[in-house]
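Report on one structure; see the data block that follows.
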């Protein structure tokens, strides 16, 4: 069985529409948005593990690089995985604790650290996940190398990131990022009276699909690459230079540590 066979059955047009609908609530109802994203990501990782190993990942250790304020922790812990979150932003960790009562055993463990220098031993976790973090760091493939380093042989590193030239590459700046990252940031600041949270050149970077695929292939560990939110019939665009930069939107790289 290929790594993506199980998840491909889940990757329907109905799922894509459902997730796209949830994106509208990122700012106004974050519990609704991030809860749905966390559940979908848990299903993605579970299907990938089953596709590679043929069994359930429950009981395995998952390291989530940049997991944010606890939604992923709750979803993965509910699925039976031992969750460890790495978050460099103390504000996100504070938000996690301020969000309200959540069961202690569902929160997992959290470490404040950079994903580009993970404070974990080589081959120490079964699954290493990074969801929508690579576009926010200046050296995304150093992050990827760190993820592979801490993953046990046979384990999975799942790196998913927003492609710059896709429609969501500008994050809250919208489609103005097609005018150029710095120009879009200035325009956003003039309009809203404050700079964007994801400010081009400091907390947002232009990461391409081609660069991610090139890095992943050179590791020798790549087992799958596909658009995260698209239906299965649209996955083939990942193989088409140029088109993938505008059409993939969010690229998933699945690597199996050796």
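Residue numbers (this note's numbering): 391 to 648. We put the beta carbon where it would ideally sit given N, CA and C, even for glycine. From a predicted model like this one, the values you see are computed outputs, not experimental measurements.
Point to revise | residue 410, enclosing alpha helix (DSSP H) - first and last residue | key: On the chain shown, residue 410 is found 20 positions in, with the first residue counted as 1. Run containing residue 410: 403 to 412, per the alpha helix (DSSP H) assignment.
Practice item. Measure the C-alpha to C-alpha separation of residue 393 and residue 514 and round it to an integer number of angstroms. Key: The count along the chain shown starts at 1 and reaches residue 393 at position 3. The count along the chain shown starts at 1 and reaches residue 514 at position 124. One C-alpha to the other measures close to 22 Å.
Check your understanding: Are residue 533 and residue 645 close, meaning C-beta to C-beta below 8 Å?
Key -> As a first step, residue 533 is located in the chain shown; it is residue number 143 there, counting from the start. As a first step, residue 645 is located in the chain shown; it is residue number 255 there, counting from the start. Contact flag unset, no.
Check your understanding: Do residue 454 and residue 476 come within 8 Å of each other at the CB atom, strictly closer than that value?
Key -> On the chain shown, position 86 is the one that residue 476 refers to. On the chain shown, position 64 is the one that residue 454 refers to. Judged by their CB atoms, residue 476 and residue 454 are nearer to each other than the 8 Å cut-off.
**Study point:** Boundaries of the beta strand (DSSP E) in which residue 613 is found, first to last residue
**Key:** Counting from 1 along the chain shown, the entry for residue 613 is found at position 223. It spans 612 to 617 - the beta strand (DSSP E) in which residue 613 sits, taken as one unbroken run.
Exercise for review: Determine contact between the stretch 603 to 622 and the stretch 579 to 595, defined as no fewer than three beta-carbon pairs at a distance below 8 Å.
Suggested key: Output reads no: the stretch 579 to 595 does not touch the stretch 603 to 622.
**Study point:** Residue environment, residue 439, which counts as buried when at least 16 other CB atoms sit within 10 Å
**Key:** By one-based count along the chain shown, residue 439 stands at place 49. With 16 or more other Cβ atoms from the protein chains shown falling within 10 Å of its own Cβ, residue 439 counts as buried.
**Study point:** For residue 467, the first and last residue of its enclosing alpha helix (DSSP H)
**Key:** As a first step, residue 467 must be located in the chain shown, where it is residue number 77. Note, residue 467: alpha helix (DSSP H), 461 to 468.
Check your understanding: Along the chain, where does the alpha helix (DSSP H) that runs through residue 535 open and close?
Key -> As a working note, residue 535 is residue 145 in the chain shown. Going by DSSP, residue 535 is part of the alpha helix (DSSP H) stretching over 530 to 540.
Point to revise | Inter-residue spacing [alpha-carbon to alpha-carbon] between residue 437 and residue 552 | key: Sequence index remark: in the chain shown, residue 437 carries index 47 (1-based). Sequence index remark: in the chain shown, residue 552 carries index 162 (1-based). Each residue's Cα considered, the two are about 21 Å apart.
Point to revise | Reduced DSSP secondary structure (H/G/I, E/B, other) of residue 549 | key: Here residue 549 refers to the residue found at position 159 when the chain shown is read from its first residue. Residue state, collapsed to three classes: strand.
Exercise for review: Please report the residue range of the alpha helix (DSSP H) in which residue 425 lies.
Suggested key: For this step, residue 425 is matched to residue 35 along the chain shown. First-last of the alpha helix (DSSP H) with residue 425: 420 to 443.
Practice item. Look at the Cβ atom of residue 540, then the Cβ atom of residue 518, and state whether they are nearer than 8 Å. Key: Taking the first residue of the chain shown as 1, we reach residue 540 at position 150. Taking the first residue of the chain shown as 1, we reach residue 518 at position 128. Contact: yes.
Check your understanding: On the three-state DSSP scale, how would you describe residue 565?
Key -> Locating residue 565 in the chain shown gives position 175, counting from the first residue. Secondary structure at residue 565: helix, using DSSP grouped into helix, strand and coil.
Review point. Rounded to the nearest angstrom, how far is the Cβ of residue 623 from that of residue 617, given a contact under 8 Å?
Key: Here residue 623 corresponds to residue number 233 of the chain shown, with the count starting at 1. Here residue 617 corresponds to residue number 227 of the chain shown, with the count starting at 1. Taking C-beta atoms under 8 Å as the contact rule, residue 623 and residue 617 fail to qualify, at a distance of about 11 Å.
Exercise for review: Pick out the complete beta strand (DSSP E) segments inside the stretch 500 to 533, 3 residues or longer, and give them in chain order.
Suggested key: Counting only runs of at least 3 residues, the stretch 500 to 533 fully encloses the following beta strand (DSSP E) elements, listed from N- to C-terminal order: 515 to 521.
Practice item. Under the assumption that residue 423 contacts residue 525 (Cβ atoms under 8 Å), give the Cβ distance between them as a whole number of angstroms. Key: The residue labelled residue 423 in the question sits at position 33 within the chain shown. The residue labelled residue 525 in the question sits at position 135 within the chain shown. Not quite, the Cβ-Cβ distance comes to about 18 Å (not below 8 Å), so this is no contact.
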